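To convert, count from 1 in the sequence shown and add 11; that's the numbering used here.
The beta carbon of each residue, even a glycine, is placed where N, CA and C say it ideally should be.
Treat the numbers as computed from the prediction; the structure is a model and nothing was measured.
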Amino acid sequence: MDKSSSTPALAGWYVISLRPSGSHAPVRRAASGRGARVLSISTLALRPQPSLPALQVALACPLVVVTSPAAVQFARRQLPLSAAPGQRWLALGAGTAAALERVGVPGAIFPAEGTDSEALLALPELKPPPSAVGLVTAPGGRGLIAETLAQRGAQIHRANVYRRIAVHPSAARLRRLRTLPRESALLVSSTEAFDGLWQRLDETGREALRGRAAVASSPRLAAHLAELGFRMIVLAPGAAPDSLLDALAADVARGRFR
């Protein structure tokens, strides 16, 4: 076996995970399998939000949209999840669909490409939507889904089953960020999580981050990074850790960051 085939795709690299507190493990597993190390910096934590009456109504709709694996987990804590005969379930991405299958809702439909609101709204099941749509989600974010479906004539029954709260990374963790080698990449799958970090950095810290690779899970996030002056943006097909890291590895293999 030659050296190129035996060397992990991201050997020597660090990736910076901005996942909420307690949810970095999938990134660590994906990074380890590719030879990379992880610096975890959480700017958000997830907390349950009681919503039983709203959730009951949302889950009774002919079509249910679930926006994240976290929404699956927090909804399941309040009610068993199962698909009624003839009911359709839509997920924002493959990760959410897999989370639904694990709790008893197999076959959720999700976009073949992309894991953002625009990709979900392009699904034929929502053009036009049924008269009533249940939306299982969190406050803030994903507002485009409810707004667009309402414009298309659907009545939206929203159940906010969890909420995001801001947490501040430690000064030591932010100092560690500055000392990472050039071969490091920021994984960005949430505007809110990224902005929580960006707001904590001084201009020196921001410029150091701009000089590193940034992997965005959607064109919208890539555009946000470009507006802030990031110069090495990698566009991934989705927010799953494997998708983010495979996109980075492909650009590394092409020699983009030499």
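Inter-residue distance for A41 and S254 is about 9 Å (C-alpha atoms, whole angstroms). For Q98, the secondary structure class from DSSP, reduced to helix, strand or coil, is coil. In this chain, the alpha helix (DSSP H) harbouring G216 covers 214–221. In the structure shown, S254 falls within a helical segment according to DSSP collapsed to helix, strand and coil.
Taking a C-beta distance under 9 Å as the contact criterion, P31 and A204 qualify as a contact pair. With contact defined as three or more Cβ pairs closer than 8 Å, the region 188–208 and the region 220–229 are in contact. For H235, the enclosing alpha helix (DSSP H) starts and ends at 230–238.
The C-alpha of A177 lies about 12 Å from the C-alpha of R211.
The Cβ atoms of V68 and A183 do not sit closer than 9 Å to each other. In the three-state DSSP reduction, S43 falls in the helix class (H, G or I). Looking at the backbone, the Cα of L70 and that of G145 are separated by about 6 Å. With a minimum length of 4 residues, the unbroken runs of alpha helix (DSSP H) contained wholly in the region 157–194 fall at 182–189. G154 carries a helical assignment under DSSP once its states are collapsed to helix, strand and coil. Classified as buried, R45 has 16 or more neighbouring CB atoms from the shown chains inside 10 Å of its CB. In this structure A219 touches R189 by the C-beta definition: roughly 6 Å separates them, less than 8 Å.
As DSSP reads the structure, V114 sits in no beta bridge. Within its own chain, the residues whose Cβ lies closer than 6 Å to the Cβ of P140, once the five positions on either side in sequence are excluded, are L160, R163, A165, listed in chain order.
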